[in-house]
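Quick notes on the structure that follows.
Number of protein chains: 2
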Amino acid sequence: MARRGKYSRDEIRNMALDAAEAIVAAEGYAGLSARKVAAAIGYTVGTLYLVFENRNSLVLRINGRTLDRLHEHLMTAISSASAKKDAETTLITLARAYIGHAERETPLWNMLFEYTTAQGDVMPDWYRRKLEHVFSHVEAALRPLVGDEAETGRAARVLWAGVHGICTLKIRQRLDLSGGQSDEEMATMLIKTFLRGLRDR
Amino acid sequence: MARRGKYSRDEIRNMALDAAEAIVAAEGYAGLSARKVAAAIGYTVGTLYLVFENRNSLVLRINGRTLDRLHEHLMTAISSASAKKDAETTLITLARAYIGHAERETPLWNMLFEYTTAQGDVMPDWYRRKLEHVFSHVEAALRPLVGDEAETGRAARVLWAGVHGICTLKIRQRLDLSGGQSDEEMATMLIKTFLRGLRDR
DNA sequence: AAAAATATTGAACACTGTTCAATTCAGTGT
DNA sequence: ACACTGAATTGAACAGTGTTCAATATTTTT
Chain A
1 MARRGKYSRD EIRNMALDAA EAIVAAEGYA GLSARKVAAA IGYTVGTLYL
51 VFENRNSLVL RINGRTLDRL HEHLMTAISS ASAKKDAETT LITLARAYIG
101 HAERETPLWN MLFEYTTAQG DVMPDWYRRK LEHVFSHVEA ALRPLVGDEA
151 ETGRAARVLW AGVHGICTLK IRQRLDLSGG QSDEEMATML IKTFLRGLRD
201 R
Chain B
1001 MARRGKYSRD EIRNMALDAA EAIVAAEGYA GLSARKVAAA IGYTVGTLYL
1051 VFENRNSLVL RINGRTLDRL HEHLMTAISS ASAKKDAETT LITLARAYIG
1101 HAERETPLWN MLFEYTTAQG DVMPDWYRRK LEHVFSHVEA ALRPLVGDEA
1151 ETGRAARVLW AGVHGICTLK IRQRLDLSGG QSDEEMATML IKTFLRGLRD
1201 R
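Protein chains in written order, with the numbering used here: chain A, 1 to 201; chain B, 1001 to 1201.
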């Protein structure tokens, strides 16, 4: 049944990504299988392997899309709600948006970190650019507060890794040890305290 | 070949845990399989399932041991090097020890977070106690600095989630975007800035 | 209409977690 | 010494997995 739907390679790739995304969203990373994706778009495994090198590269592409959506979400969050507010407000807005996104798309967001490269080699360039892209929001908010550009980069990374840590531990239920403080409250506390420490340097 | 080595259930369980740990350390979470563990201790799959409910519960037990070792490691780190130093020094020592442990046992440490409970239910009690145990070190260091006990708990969780975030992003190579700042330097910066912000409240 | 080129299939391989009837054996009773 | 019993252990079976690639189906070119 060749060329059945006259879909190009790119079209098949996108259909596969759509289907795979839906599967992960519904059944999680573990529920994702080549045959399931292929069946969902009306093809068989073989075709899928014609369009993706392997399972890992499919996962990486889905993750790329997740990063794109996250970037979009952060953008609208800071542009709509509190335009041109101070750094603290902006950063808190960003953190809420980040955490909100992670909670809304938990399985896809989890997959962002379940994927691991073979020991020794790094993430592909296009993926690292997307990561930087997401990061740029934090840097922009922090720049007015920290003079030096290199220092801005460092502070942004440290602070955002911190917010990410809160987010990931909450979502994976490693932080429910005591009084039910929400992850957003925790992130707010981190940001406020960190910024105060930064100002009083 | 029944009762071949006259091992009790508990002994078999421990042998299995030792073997599984070695496999994960060498080949990662993905390399762990029931048949491999069984073969390594001279039994077959069936016996393994007599001693562990399923793969997940085996993983959870390995994780328990990893937490125990982590706890030990943190203890020796603060008791030997800098006994009775100020909070900042202690926390930095703890962070270095935490990160060092994660880097020394990367696959086992990763598995700590790759394991996920079925959606809806929580970690078993014995596991949560181990988590609290590890946390207690951070709380102890932070207590003199923060008056209120509830506030101490909050600050400890926020700060440690931050350190964990740095650690996890570095190990999973999501933070190599720019000038090669080490994860330990980043954690130090986080701790110093956070503590300054905490003091100048 | 025949030939060439390309798209698609699906069986095959070596693996996975999990179950459970069948087998093998240690200890006891005779 | 021998059968019996009950527990320990096995390993085949099931339904799935990622991945490959000769074979087939279809379109395009000649």
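Using N, Cα and C, we set each Cβ at its ideal position, and we do this for glycine too.
{"Asked": "Three-state class that DSSP yields for A:PRO107 in the structure shown", "Found": "helix"}
{"Asked": "Distance CB(A:ALA87)-CB(B:LEU1169) smaller than 8 Å", "Found": "no"}
{"Asked": "Other residues of its chain near A:GLU21: CB distance less than 6 Å, five sequence neighbours each side excluded", "Found": "ILE62"}
{"Asked": "Interface flag, B:ILE1023 vs chain A, CB-CB below 8 Å", "Found": "no"}
{"Asked": "Under 7 Å (Cβ pairs) to chain A, residues found in the segment 1130 to 1162 of chain B", "Found": "LEU1131, GLU1132, PHE1135, ALA1150, GLY1153, ARG1154, ARG1157, VAL1158, ALA1161 and GLY1162"}
{"Asked": "A:MET123 classed as buried or exposed, judged by whether at least 16 other C-beta atoms fall within 10 angstroms", "Found": "buried"}
{"Asked": "Per-residue DSSP class, three states only, for A:ALA26", "Found": "helix"}
{"Asked": "Cα-Cα separation between B:ILE1078 and B:THR1093, rounded to whole angstroms", "Found": "7 Å"}
{"Asked": "Candidates B:ALA1156, B:GLN1181, B:GLY1180 and B:ILE1171, of which the one nearest A:ALA187 by Cα", "Found": "B:ALA1156"}
{"Asked": "Span of the alpha helix (DSSP H) around A:MET210", "Found": "Outside the shown range of chain A (1 to 201) lies residue 210 of chain A, about which nothing can therefore be said."}
{"Asked": "Interface partners of A:GLU114 on chain B, CB under 8 Å", "Found": "GLU1114"}
{"Asked": "Rounded separation between B:ALA1095 and A:GLU72 - CA only", "Found": "34 Å"}
{"Asked": "CB contact check: B:THR1066 to chain A, cutoff 8 Å", "Found": "no"}
{"Asked": "Three-pair Cβ contact test at 8 Å for the segment 1049 to 1069 of chain B versus the segment 1021 to 1040 of chain B", "Found": "yes"}
{"Asked": "CB contact below 8 Å: A:ASP200 versus chain B", "Found": "yes"}
{"Asked": "Assigned exposure category for B:THR1090 - 16 Cβ within 10 Å defines buried", "Found": "buried"}
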